[in-house]
Amino acid sequence: MSNQNLGLETQAIRTQLERTQYLEHSVPLYLTSSFIFDDAEDMRASFAEEKERNIYSRFSNPNTSEFVEKICLMEGAEDGYAFATGMAAVYSTFAALLNSGDHIVSASSVFGSTHTLFTKYFPKWNITTSYFDVNKPETIENYIQPNTKILYAESPTNPAVDILDLELLGKIAKNHKLILIIDNCFATPYIQNPIQFGADLVIHSATKLIDGQGRVLGGVTVGRSDLIREIYLFSRNTGPALSPFNAWVLSKSLETLPVRIEKHCENALKVAEFLENHPNVASVKYPFLKSHPQYEVAKKQMKLGGNIVAFEIKGGIESGRKFLNKIKLCSLSANLGDTRSIVTHPASTTHSKLTEEERLAVSITDGLVRVSVGLETVQDVINDLKQALE
Ligand SMILES: Cc1ncc(COP(=O)(O)O)c(C=O)c1O
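Note that this note's numbering has the sequence shown beginning at 648, numbered continuously upward.
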């Protein structure tokens, strides 16, 4: 039976390595750095890639392969490679595909470390980036140059929860023969499949909702097999591979991803509705609230609204700081997509080194608070936010 025809939940649970002679029900952990060969010819043929088999866990490992296979099935991708972190996935994907002199067109609002790659490190290799405003996707084509190779975006964005029209990005990329790469971290493969809309590659920080319990770091890139081949060859030689232990944890986590995401989203919608009616909240951004500026686009491309709610607290930076200090149940942490709800105030913490103007350019206002809604009893989360807002 081909797993391609099975439901996503079944794929996440029943995609499993072949059983060993011990007939284990749950997949074992292959904690080994290398694999052995029968003889010199077996070793030669393996290195020559005449055989598809594991050689060394920097190249591949059974647990890593199982994790990648599941993500490929869930995203509708041809192939993939798993990384130690989401940032290793982002960096290695770009580094494998770009040459000196190439140009990237990226959404202005992307994860901080991705932005640092574009502004601080890639220029060292003469790779430049232009940014389009996430709220003005009609301007994207103005930034495309003859040397543009990649179109890059996240949707929903971190931390402002803006939505980009993936179908539109897919069309632009196709018309201009660009490689469209989407960081699908906030949506997960359960909520949104960018390949359906024309993405060539999809990246995840598996550290977030894929693990979902704040335990391990991981990343993965899936998509077109010709591009993944380049990424694999680069990574096999540079060493950003996911550890077998983390792959085992993440593959197990995928078994419960659909049920976890359903509950995360149900809780997040309730939190968003509560915030929308609070007098000390100026505005709320949640993809499945009708008030979200890109609500129609979100409905078109997302199955659910995700677990991240952004809101604007009245009173700017000082109110944001006070709010964080009053929080009791939720965690103050840099992570997101955990069973535990987490609140952050980007202007006074992660983005405090930027000027107000720079922050505004990436949709971070002084009163912006990001809530990663967890799986606690939702009324307890709402009560915590309520007492902190008063
Ligand atoms: C959208 C997005 N992409 C990439 C990353 C990087 O992932 P990691 O922390 O696993 O390196 C993050 C981390 O927060 C993220 O939010």
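Where a beta carbon is used, it is the ideal one built from N, C-alpha and C, also for glycine.
These numbers come from a predicted model, not from an experiment.
Taking each of Gln860, Cys832, Ala846 in turn and checking the Cα distance to Glu814, the smallest one comes out for Ala846. Under the DSSP assignment, Tyr879 falls outside any beta strand (DSSP E), being part of the alpha helix (DSSP H) whose first and last residues are 872-885. Checking the 7 Å criterion, the Cβ of Asn1030 is out of range of every heavy atom belonging to ligand 1.
Counting along the chain, the unbroken alpha helix (DSSP H) around Thr761 starts and ends at 759-763. Per the DSSP secondary-structure output, Glu722 pairs with nothing in a beta bridge. By the beta-carbon neighbour count (other beta carbons within 10 angstroms, threshold 16), Asn914 is buried. By the Cβ rule, the region 901-918 does not count as touching the region 742-753, because fewer than three pairs are nearer than 8 Å.
Sequence-distant partners of Asn840 (beyond 5 residues in either direction) whose C-beta falls short of 7 Å from its own C-beta, in its chain, are Glu722, Gly723. Spanning the alpha carbons of Val931 and His939 requires a straight line of approximately 8 Å. Taking C-beta atoms as the reference points, Gly886 and Gly962 fail to come closer than 8 Å. A straight line joining the alpha-carbon of Ser988 with that of Val869 spans about 29 Å. Every alpha helix (DSSP H) stretch that sits fully inside the region 749-822 and reaches 4 residues is listed by chain position as 759-763, 813-822. The DSSP-derived three-state label of Ser930 is strand. Asp830 has its Cβ nearer than 7 Å to a heavy atom of ligand 1.
For Ile829, the pairing in a beta bridge is given by DSSP as Ala800, Val849. The Cβ neighbour count for Thr804, taken over all protein chains shown within 10 Å, is at least 16; the residue is labelled buried. Residue burial is scored here from C-beta neighbours: Thr740 has at least 16 other C-beta atoms within 10 angstroms and is therefore classed as buried. For Glu722, the Cβ stays outside the 7 Å cut-off from all heavy atoms of ligand 1.
Around the beta carbon of Tyr933, a 10 Å sphere encloses 16 or more other beta carbons of the protein chains shown; the residue is thus reported as buried.
Between ligand 1 and the CB of Met949, the shortest heavy atom gap is not smaller than 7 Å. For the alpha helix (DSSP H) assignment, the uninterrupted runs of no fewer than 4 residues enclosed by the region 984-1020 are, from N- to C-terminal side, 1003-1008. Per the coordinates, the alpha-carbon of Ser980 lies some 14 Å from the alpha-carbon of Phe970. When Pro993, Phe935, Ser1019 are compared, the shortest CA-CA separation from Leu1007 is found for Pro993. Here Ile787 is actually not in contact with Tyr837; their C-beta atoms are around 27 Å apart, not less than 8 Å. In summary, Ile850 is buried, with 16 or more beta-carbon neighbours lying within 10 Å of its beta-carbon over all protein chains present.
Counting the other Cβ atoms within 10 Å of the Cβ of Val918 gives 16 or more, which makes it buried. DSSP places Ser693 within a helical segment (H, G or I) once states are collapsed to three.
Across the structure, Phe706 and Glu696 are spaced so that their CA atoms are roughly 12 Å apart. DSSP places Glu671 outside any alpha helix (DSSP H), giving it a letter other than H or E.
When C-alpha distances from Phe833 are compared across Ile718, Gly953, Leu678, the shortest belongs to Gly953.
Ala807 is positioned such that its CB atom lies no closer than 8 Å to that of Tyr778. For Thr732, the shortest separation between its Cβ and any heavy atom of ligand 1 lies below 7 Å. Between ligand 1 and Thr854, a heavy atom-to-CB distance of less than 7 Å is present.
Annotation: the continuous beta strand (DSSP E) that includes Phe958 extends over 955-960. Non-local beta-carbon contacts of Leu827 in its own chain, meaning distances under 7 Å to residues more than five positions away in sequence, involve Leu798, Leu816, Gly817, Ala820, Gly845, Ala846, Asp847 in chain order.
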